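What follows is a short report on a single structure.
Protein chains: 2
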Amino acid sequence: MIKKKENNTEKQILEAAKNIFQQKGMDGARMQEIADTAGINKSMLHYYYRSKQKLFDAVFKSAINLMAPKIIKIVETDEHLFDKIRSFTNKYISFMNKHSFIPTFIIQELNRNPDMIKEVFISKFDDSISEKLKKQIEELVEKGGIKPIKPEHLLINIVSMSIFPFMAKPLLSAVLQKNEKQYKQLINERKMHVAEFVIDAIKIK
Amino acid sequence: MIKKKENNTEKQILEAAKNIFQQKGMDGARMQEIADTAGINKSMLHYYYRSKQKLFDAVFKSAINLMAPKIIKIVETDEHLFDKIRSFTNKYISFMNKHSFIPTFIIQELNRNPDMIKEVFISKFDDSISEKLKKQIEELVEKGGIKPIKPEHLLINIVSMSIFPFMAKPLLSAVLQKNEKQYKQLINERKMHVAEFVIDAIKIK
DNA sequence: GTCTATAATTTGATAGAC
DNA sequence: GTCTATCAAATTATAGAC
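In the order they appear, the protein sequences are chains B and U. The first sequence maps to residues 1 to 205 in the numbering used here. The second sequence maps to residues 1001 to 1205 in the numbering used here.
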């Protein structure tokens, strides 16, 4: 109770840092702007996080921690593959509607510094996740439940169609000549569309 | 003939600027590093391009000019839709194998400054391109040649599956546990795979 | 056209009072 | 814990000699 302010400020800083880093990236973000957004003094950033790099790391880790559990949870259920696909596209696109900067942010920073993935990601995604999904798909192929397809390609296809439209929004909305509202509508349709498109592609007959 | 050097230096600068800007982005790029890469003095950058922003603009424009014609050319042919799809995924993925930084670069910078698209893009993609493709798809749907699908979604699906794997390489290769060579192999398979996957999804029967 | 030297500004980080 | 003032380094940009 005594040190309520302390905790509060730290959260305010992290919240502001998320906003700025996710929109402008590590290189484009300015400590001053983060401080202004948090409504506190610039010195406080260093008091709580020592350096820009450490503050960035906290933001990046929090972004990963927000995304990873959603994937893992779906993959680990015992649903039929088709239902897993429906759950994934629906939940994932909904999630990104609320956190639209996260996918671009993560992928962009990972391209700048590919080694970051080893520190943060390996702990979250242990081998079993991808192995389990791989096995489920391979078994379905053998049983004749779906057309032959490499599990890797199926996964890449689903993830690509779910995430890319968020990253390429400025490009796609211009090419397709959609305004803000129309593009959002298009994205919402994809919650169902992507799943049915994928299922149509792999189901027999 | 007299001023051969002049032209040469300008090209060297642009070439070096492409390398640095496309890898590090506007914010992460340093004029000094561009000069070093070009093997010339930093002052020369300003002599030829006045400012970092103007040099960046030249690089960005050149990236757009490299990508856009490939899309337009394919869309404008009179091939059957299925063959257009095959041409697109094949040629596009081949292209990005050679220029792997371009898609991330364009999309990243467009997110930072969405207004850039109006200056560079509108002139390249006039309305007729997207309209023509839209019409071809709608006609095929009506004739019963393919399942009902919004042209917008079909376009987004194809582009997503072609481009995203390049942008998310650090992420995907880690999740799928592929080394450099294996991931490249996977990408190459996609030249054919994406087209057949899409065709399977939309064809009747 | 090309180089050296330097100006002008921005920015991450710290010292020290309260 | 929080603020003001300031440092030190980095970085874009320019002036001026050759």
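Using N, Cα and C, we set each Cβ at its ideal position, and we do this for glycine too. These numbers come from a predicted model, not from an experiment.
Please tell me whether residue i and residue j are closer than 8 Å, where the distance is taken between their beta carbons.
i               : j               : result
D200 (chain B)  : A1201 (chain U) : yes
M96 (chain B)   : N1157 (chain U) : no
I74 (chain B)   : K84 (chain B)   : yes
Q177 (chain B)  : S1043 (chain U) : no
Q108 (chain B)  : G25 (chain B)   : yes
L1066 (chain U) : H1099 (chain U) : yes
I1064 (chain U) : I1106 (chain U) : yes
D1102 (chain U) : Q1023 (chain U) : With the sequence shown as reference, residue 1102 (chain U) is identified as Ile, and Asp is not the correct amino acid for it. Going by C-beta atoms, I1102 (chain U) is not nearer than 8 Å to Q1023 (chain U).
I1187 (chain U) : F164 (chain B)  : no
I34 (chain B)   : A16 (chain B)   : yes
Going along chain B in order, which residues have a C-beta closer than 8 Å to the C-beta of residue i?
i               : result
H1153 (chain U) : L186, E189, R190, H193 and F197
State the DSSP-derived secondary structure class of residue i, mapped to helix, strand or coil.
i               : result
I1146 (chain U) : strand
K205 (chain B)  : coil
S1051 (chain U) : coil
G39 (chain B)   : coil
K178 (chain B)  : coil
A29 (chain B)   : coil
A17 (chain B)   : helix
K4 (chain B)    : For K4 (chain B), the pLDDT reaches just 49, beneath the cut-off of 50, and the residue's location in the model is therefore unreliable, although a value from the coordinates is still provided. DSSP places K4 (chain B) in helix when its eight states are reduced to three.
For a contact meaning CB atoms closer than 7 Å, what does residue i contact in chain B?
i               : result
M1031 (chain U) : Ordered by position in chain B, no residue passes the 7 Å Cβ test against M1031 (chain U), which lies about 14 Å from the chain.
S1062 (chain U) : In chain order: nothing, as chain B lies at least about 17 Å away.
Please list the partners that residue i has in chain U, where partner means a Cβ-to-Cβ separation under 7 Å.
i              : result
L110 (chain B) : P1170 and L1171
I93 (chain B)  : Residues of chain U passing the Cβ test: none, with the nearest at roughly 12 Å.
D236 (chain B) : The requested residue 236 (chain B) does not occur in the structure, where chain B is confined to residues 1 to 205.
F164 (chain B) : S1160, I1163 and F1164
So which residues of chain B does residue i contact, with C-beta pairs closer than 9 Å?
i               : result
I1034 (chain U) : Residues of chain B passing the Cβ test: none, with the nearest at roughly 15 Å.
D1083 (chain U) : Within chain B, no residue comes near D1083 (chain U); the closest Cβ sits about 18 Å away, beyond 9 Å.
Chain U partners of residue i, CB-CB under 8 Å?
i              : result
P104 (chain B) : Reading off the sequence, residue 104 (chain B) comes out as Thr, not Pro. Going along chain U in sequence order, the residues near T104 (chain B) (Cβ under 8 Å) are I1107, Q1108 and N1111.
K147 (chain B) : D1200
message = My parser needs the alpha helix (DSSP H) runs of 4 or more residues fully inside the stretch 57-144 of chain B; what are they?
response = 81-98, 102-112, 116-124 and 127-142
message = Threshold first: 4 residues or longer. Then list the alpha helix (DSSP H) segments lying entirely within the stretch 1147-1172 of chain U, N to C.
response = Runs found: 1151-1167.
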